[in-house]
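Okay, structure first, notes after.
In my numbering, the protein residues as written are 10 to 928.
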């Protein structure tokens with residue numbers, strides 16, 4: 010059978026230079042190349058963009074009216090393109106209601122499972138509650154009361170004004186007996202007279218024997234009793250003292266009569282008004298006092314002012330009250346607050362009859378909330394606590410009444426993916442339940458299995474999606490699409506190994522091949538050697554980034570690629586080596602007793618003046634240790650009011666003038682931010698243009714060359730170069746502004762040139778080109794040079810920083826920091842830098858450039874701590890601290906620490922097992 014191929018000819022998207030290549034269907038193809046070479050331009054902006062555009066053209070005329078402005082990528086021709094799905098690395102979810110469970114669509118499955126297999130308990134008496142019907146009542150009687158003689162009774166309400174009529178009607182319908190005090194009494198009996206004073210008539214519907222021979226009569230009696238008793242019947246054993254058994258078609262407790270909400274999928278969703286806690290509207294949190302802000306530094310004593318709220322002149326009287334109350338009670342005021350007895354800490358916070366406590370202070374302030382400054386003051390010490398009504402579960406009590414094997418759905422959300430996978434694998438349901446939810450349970454197990462296999466087993470199902478990294482979100486989308494089982498589709502992925510330990514790359518490769526084996530084409534932008542070597546075909550773009558890239562260097566099978574002379578092929582057979590310039594460390598930051606999240610009383614020393622890698626599998630506690638514990642405690646110490654990770658003590662921070670966190674957070678969501686504006690070079694550029702002869706002739710000032718304010722910019726797009734089109738039922742799209750054709754400025758400004766270039770031409774330059782062009786402007790060169798030094802020379806000056814990857818964002822922050830003049834030279838004390846996987850998006854050759862830039866910081870006497878997975882980067886560090894051994898509850902311990910060569914020899918270290926070939 011001939012292989013189907015998508016043939017692309019003459020692609021010129023962004024920096025692509027007339028690229029012609031073929032994409033083989035039903036294969037795993039890797040697009041690789043150095044950073045900025047044009048990989049994403051080919052994969053996302055050409056193949057994916059055209060696949061999406063042609064798919065939308067197949068929609069109805071009504072749908073196409075909203076999509077008609079989608080632009081075709083610049084190429085000569087493309088044949089046989091499949092409908093395309095893009096799984097990007099960015100996490101664009103900001104909704105607090107979105108969780109791992111909802112975004113993976115597991116929540117929908119959980120809702121169905123709890124609806125059909127859940128057991129509901131009465132919140133008052135904990136009895137099992139269910140809605141009865143004829144089949145399950147029969148099943149109960151024939152199994153639990155087999156061969157017993159039974160009396161089936163229906164209660165009929167008899168208001169005083171209608172008793173005679175109701176009694177007459179019952180007799181006419183053939184009923185002859187009443188059930189009184191455990192006896193059947195005939196209507197003809199003298200005792201019947203006394204019944205006329207009762208509000209309820211207990212009518213004997215039939216006396217039956219619960220066996221197969223009397224099965225038909227039992228069914229008829231149950232049906233009749235439900236009809237007469239309006240959905241409720243009672244069953245007694247004849248001549249037995251056993252209690253009655255109540256069956257009710259209404260969803261109510263048969264023991265105490267309390268009515269409950271019957272399980273349905275919406276009941277188990279905090280996004281539904283039926284299932285959400287009414288107190289917190291399904292958020293699980295409510296605003297209250299935040300004692301981490303009120304007592305920001307537990308290392309301070311009460312005498313030193315541990316209670317920050319009492320340290321203003323206006324409230325200093327409360328500080329004196331506190332000290333006086335402590336003296337009377339015998340609470341030490343010269344011991345750090347964090348080392349006081351727990352009951353003394355509670356007393357300070359909550360008070361008693363002699364001391365109103367910190368809470369009493371804020372209660373008193375509530376009476377003055379009409380004053381603006383009081384509201385502002387109180388807001389400084391407020392934070393989010395678990396909702397008291399739902400205990401942070403987000404759900405109503407009705408939803409929490411239902412369990413599956415003693416677990417509520419909130420209990421399931423509290424599990425990690427690995428724990429949930431083990432729970433559902435071991436779940437044993439009875440035959441009736443199993444028949445209802447067999448396929449549902451299989452689907453849940455299937456999805457959890459794949460989430461675990463892509464290295465996400467440590468994630469809690471209830472964790473907010475907005476807290477996930479771009480790599481984590483992409484792998485979630487990958488497994489979700491596997492669950493959807495689409496076929497004949499083009500999947501385009503952006504570096505799915507981002508944030509993944511080397512251990513998990515092989516499992517990720519299995520997932521990618523599984524997506525391919527469903528009948529799909531998988532196109533992956535990737536640098537990881539394991540993924541490249543495990544692919545079917547390779548496309549390499551290069552040879553360098555920006556204007557020096559965009560050429561097709563190779564296209565073919567992986568076997569052919571291994572013998573090619575290309576930057577990536579050569580790097581697969583070589584290793585990065587940047588000599589260390591670090592001196593023997595004479596000091597360290599010592600973290601004592603870190604216990605935040607999964608950290609288990611961690612004690613560790615971070616050598617100063619060295620390049621230190623913090624390693625371990627995803628979820629082992631690296632970010633918690635460095636960001637939550639180390640950095641946030643530094644912030645709390647210097648700024649206050651910051652949530653910081655739990656730790657007994659951190660020593661050695663006083664030796665630094667500053668701790669700088671270079672994380673993966675977006676530099677800014679504004680599309681107006683770009684390398685020019687972020688570096689500060691834009692002001693110099695505008696001044697340069699305003700002094701040109703053309704600008705003087707046209708009467709243009711410095712402000713006219715800004716796209717941020719009215720004047721010289723295009724007002725149709727307000728200087729953005731594009732306009733946003735609202736798509737109603739799909740994500741909004743951005744199309745080139747028809748007024749300025751994407752050039753941002755009006756004709757007058759674009760008529761002014763500096764050395765033959767307009768300001769828009771400069772925006773289209775790469776940083777590398779700009780450094781060559783602005784040879785006479787030292788101010789601009791000085792601010793742009795650090796960007797080239799950290800390997801970002803390929804970025805265009807006008808590229809929005811919101812489009813950068815997490816790794817690029819970190820390097821931009823680093824370059825800006827260096828370029829701004831903030832350095833150790835201005836202070837006697839060094840600076841400590843914390844990086845969070847800066848190699849994301851980097852080719853092996855670019856990692857060498859990054860290492861050289863970081864070594865410059867070490868040379869200046871600063872310290873660099875890097876959370877990292879990349880084996881080649883780790884091998885070039887001076888010191889490694891490996892956390893683990895596993896993720897989540899299986900992590901949080903120091904497995905190994907020392908130079909990379911020692912880590913490679915440590916059999917306990919998973920990281921060390923992969924370091925061997927690189928050190």
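Glycine included, C-beta positions come from ideal geometry on N, C-alpha and C. Just so you know, these numbers come straight off a predicted model, no measurement behind them.
On the premise that residue j lies in contact with residue i, defined as a C-beta separation below 8 Å, what is that separation, rounded to the nearest angstrom?
i, j, result
"residue 855", "residue 876", "About 18 Å separates the two Cβ atoms, so there is no contact after all."
"residue 536", "residue 852", "5 Å"
"residue 159", "residue 245", "7 Å"
"residue 450", "residue 432", "Not really, about 11 Å apart at Cβ, beyond 8 Å."
"residue 195", "residue 207", "So it is not a contact: roughly 16 Å between Cβ atoms."
"residue 260", "residue 268", "7 Å"
"residue 684", "residue 821", "7 Å"
Grab me the residues of residue i's own chain with a C-beta within less than 6 Å of its C-beta, minus the 5 sequence neighbours each way, in chain order.
i, result
"residue 289", "295, 396"
"residue 285", "279, 291"
"residue 297", "394"
"residue 521", "37, 531"
"residue 307", "346, 347"
"residue 824", "795, 796, 799"
Cα separation between residue i and residue j?
i, j, result
"residue 427", "residue 926", "31 Å"
"residue 149", "residue 241", "15 Å"
"residue 572", "residue 36", "21 Å"
"residue 41", "residue 18", "19 Å"
"residue 619", "residue 871", "8 Å"
"residue 585", "residue 538", "13 Å"
"residue 905", "residue 867", "23 Å"
"residue 189", "residue 263", "20 Å"
"residue 672", "residue 772", "27 Å"
"residue 615", "residue 598", "5 Å"
"residue 924", "residue 884", "7 Å"
"residue 384", "residue 94", "48 Å"
"residue 402", "residue 425", "15 Å"
"residue 457", "residue 816", "29 Å"
"residue 545", "residue 455", "26 Å"
"residue 226", "residue 218", "9 Å"
"residue 562", "residue 858", "22 Å"
"residue 909", "residue 104", "41 Å"
Are any of the Cβ atoms in chain B nearer than 7 Å to that of residue i?
i, result
"residue 28", "In the structure shown, chain B does not exist; there is a single protein chain."
Quick one: give me the first and last residue of the alpha helix (DSSP H) that residue i is part of.
i, result
"residue 772", "768–772"
"residue 392", "That residue, residue 392, is in no alpha helix (DSSP H); its beta strand (DSSP E) goes 391–395."
"residue 860", "853–868"
"residue 118", "115–126"
"residue 177", "172–181"
"residue 300", "300–303"
Kindly indicate the opening and closing residues of the beta strand (DSSP E) around residue i.
i, result
"residue 2", "A query on residue 2 cannot be resolved here, the shown segment of the chain reaching from 10 to 928 and no further."
"residue 718", "It is not in any beta strand (DSSP E) - residue 718 carries neither H nor E in the DSSP assignment."
"residue 86", "86–88"
"residue 207", "That residue, residue 207, is in no beta strand (DSSP E); it is neither H nor E in DSSP."
"residue 18", "14–20"
"residue 285", "Taken as a continuous stretch (DSSP letters only), residue 285 belongs to no beta strand (DSSP E), as it is neither H nor E."
Strictly by DSSP, which residues pair up with residue i?
i, result
"residue 521", "Note: residue 521 sits in no beta bridge, so no partner."
"residue 563", "549"
"residue 671", "844"
"residue 616", "597"
"residue 889", "622, 907"
"residue 659", "600"
"residue 586", "Bridge partners of residue 586: none, in fact."
"residue 732", "744"
"residue 130", "137"
"residue 166", "209"
"residue 38", "532, 546"
For residue i, which residues of its own chain have a beta-carbon under 8 Å away from its beta-carbon, when the five flanking residues on both sides are left out?
i, result
"residue 372", "365"
"residue 784", "790"
"residue 530", "15, 32, 33, 34, 35, 36, 38, 91, 498, 499, 500"
Closer than 7 Å by C-beta to residue i: which residues in its own chain qualify, once you throw out the five before and the five after it? Chain order, please.
i, result
"residue 640", "668, 670, 843"
"residue 309", "315, 345, 346"
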